[in-house]
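Chemist: Dropping a structure here in structure tokens format, bear with me for questions.
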């Protein structure tokens with residue numbers, strides 16, 4: 720066994736320590752998703768999904784590359800480790816992995832555009848935490 724020092728990066732998770740606590744993010748992973756999707760120059764979205772989306776009732780053409788959709792949604796699933804606000808959207812999009820339509824692909828790209836606005840967002844594990852769960 721070898722001591723590699725303080726943990727900074729592991730399996731796509733970036734860990735930063737400070738007097739306030741430990742901050743965990745997937746900034747590099749999110750940026751890799753943005754680059755892979757070809758949306759580096761795209762305008763960011765303020766919300767990850769459209770209001771009153773009807774993805775379950777979509778009747779558009781099938782997506783030309785279902786494997787591409789599955790890879791994108793799989794990357795979104797891994798990103799939910801530190802980006803909990805994406806959980807609902809990724810849950811909805813993952814229901815269409817078998818037969819994705821073009822509308823589902825566009826919804827997946829909208830999540831990527833949302834990531835572009837805040838790629839470094841993550842989880843702060845505070846050192847002065849009283850171990851109580853608080854929802855705001």
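Residue numbers (the numbering used here): 720 to 855.
The C-beta atom is built at its ideal place from N, Cα and C for all residues, glycine as well.
Quantities reported herein were computed from a predicted structural model and do not represent experimental measurements.
Please classify residue 724 as buried or exposed, where buried requires at least 16 other C-beta atoms within 10 Å of its C-beta.
Modeler: Exposed, because fewer than 16 other Cβ atoms sit within 10 Å of the Cβ of residue 724.
Chemist: Taking buried to mean at least 16 other C-beta atoms within 10 Å of its own C-beta, is residue 827 buried or exposed?
Modeler: buried
Chemist: Helix, strand or coil: which one does DSSP assign to residue 838?
Modeler: coil
Chemist: Can you give the Cα-Cα distance for residue 860 and residue 720, rounded to whole angstroms?
Modeler: With the chain represented from 720 up to 855, any question about residue 860 goes unanswered, as that position is not in the structure.
Chemist: Do you know how far the Cα of residue 848 is from the Cα of residue 776?
Modeler: Cα-Cα distance, rounded: 44 Å.
Chemist: Using a Cβ-Cβ cut-off of 7 Å (strictly less than) and excluding sequence neighbours within five positions of residue 831, which residues of its own chain qualify?
Modeler: 752, 753, 756, 758
Chemist: Alpha carbon to alpha carbon, what distance is there between residue 768 and residue 816?
Modeler: 17 Å
Chemist: Looking only at its own chain, which residues have a Cβ that is under 6 Å from the Cβ of residue 794, when we skip the five neighbours before and after it?
Modeler: So the list reads 752, once near-sequence residues are dropped.
Chemist: Quick check on residue 781: does DSSP put it in helix, strand or coil?
Modeler: strand
Chemist: Please look up how many angstroms separate the CB atoms of residue 798 and residue 745, rounded, as I've assumed it's under 8 Å.
Modeler: 6 Å
Chemist: Have a look at 825, 801, 833 and flag the residue whose alpha-carbon is nearest the alpha-carbon of residue 741.
Modeler: With distances taken between Cα atoms, residue 741 lies closest to 801.
Chemist: Between which two residues does the beta strand (DSSP E) holding residue 735 run?
Modeler: 732-737
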